[in-house]
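Numbering (the working numbering), first residue to last: 4 to 253.
Ideal Cβ placement from N, Cα and C applies to all residues, glycine included.
In what follows, a structure is listed as C-alpha cells, so that the remarks can point back to it.
Below you can see the structure in the form of C-alpha cells.
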C-alpha cells in the first residue's frame, strides 16, 4: 500500500513500475495502518521492488510496481469489515486508527497506550472520564475538545493549560501564568496585549509585536528578537535598517 505525493506525474497505469524520481512513496503493510484523515488522492496495492527503508516508524522505498487501485470507499469498507480486529490489534497505530474511525470506543478508552486514549478523546467519547486520565497527553486532548476547561485551567501540566489558553478560555487568569509558553498563547489570542507588552520575557513581547500591537514602543525593545518581529510587520523600517543587530537588519 502506498500513500504518495505526486510530482507532476499522474499514476494510473496498473502494472507499471515507478521510481522515487517521479514520486515519494510512503509504504504501509496494510490499509488499516493508514490514518483515515491522511488518505491520499491515490492509493494502490503494490509490489515493493526497491529497498525498503524505515525512518521514524514510517516506511519508504525507491521503486514500486502498481498492482491495483484502491479507492477510499474500498478502504473504508475494508476497515469496517475488520473493525473488530483493528480494535484488538497489537499494533498501536492500528488501534489509534480504529478509534479515529469510531470503532470500539468503549474498549479503547481503557487502552494502556495514552495515544489510543487520546484518539478516543478526539472522538469526544468518554470525556467525563478522560478528563481525569493520568497521562497529560490525554488530558490535553480533552482540553482541545473544549471540555472541562474550568477544571483543566488549574492542571499542573503546562501543556494542558496551554491547550486551555488556545481555546480562548480563562485568559484573564492565564495571562499571569508563570510559564512563558502559556503567556505567549494568551498573546496569540490577542488578549491583554496592553499588559503583555511589558512582560519580562522577550518571547511574549515578540508575540505582542506579531499581533501588530504597540509597535511604536516595541521598535525600541532591548531585545533584538522583538525588534526583528517589529521589522517583519513592516513597521519602522527606515529606522530598523540601521539597527545594531544583523538579525534585525536581515
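The alpha helix (DSSP H) enclosing residue i, as first and last residue numbers
i           : result
residue 92  : That residue, residue 92, is in no alpha helix (DSSP H); it is neither H nor E in DSSP.
residue 80  : 75-84
residue 57  : Segment 56-58 is the beta strand (DSSP E) holding residue 57; no alpha helix (DSSP H) there.
residue 169 : 161-169
residue 252 : 249-252
residue 112 : Counting along the chain, residue 112 falls outside any alpha helix (DSSP H), and DSSP gives it neither H nor E.
Start and end residues, beta strand (DSSP E) containing residue i
i          : result
residue 61 : 61-64
residue 46 : 46-51
residue 21 : 20-22
Nonlocal neighbours in the same chain, by C-beta distance under 7 Å from residue i, ignoring five residues either side
i           : result
residue 114 : 98, 120
residue 128 : 108, 112
residue 258 : Residue 258 lies beyond the residue range present for the chain, which begins at 4 and ends at 253; the question has no answer from this structure.
residue 65  : 22, 23, 53, 54
residue 214 : 190, 193, 196
residue 102 : 108, 111, 119, 122, 123, 126
residue 245 : none
residue 61  : 29
Same chain, Cβ closer than 6 Å to residue i, five either side skipped, listed in chain order
i           : result
residue 138 : 117
residue 78  : 34
residue 149 : 170
residue 226 : 205
residue 17  : 69
residue 37  : 31
residue 46  : 73
residue 134 : 145, 151
residue 232 : 209, 212, 213
For residue i, three-class secondary structure by DSSP
i           : result
residue 192 : coil
residue 128 : coil
residue 72  : strand
residue 177 : helix
residue 35  : helix
residue 67  : strand
Neighbourhood of residue i by C-beta, 8 Å cutoff - its chain only, sequence neighbours within 5 removed
i           : result
residue 220 : 200
residue 163 : 139, 142, 143, 146, 155
residue 207 : 183, 186, 187, 190, 199
Please determine if the region 91-100 and the region 119-131 are in contact, where contact requires at least 3 C-beta pairs separated by less than 8 Å.
-> yes
What are the complete alpha helix (DSSP H) segments, minimum 4 residues, inside the region 194-239?
-> 196-199, 205-213, 218-221, 227-235
Entirely within the region 131-158 and at least 4 residues each: give me those alpha helix (DSSP H) ranges in chain order.
-> 139-147, 152-155
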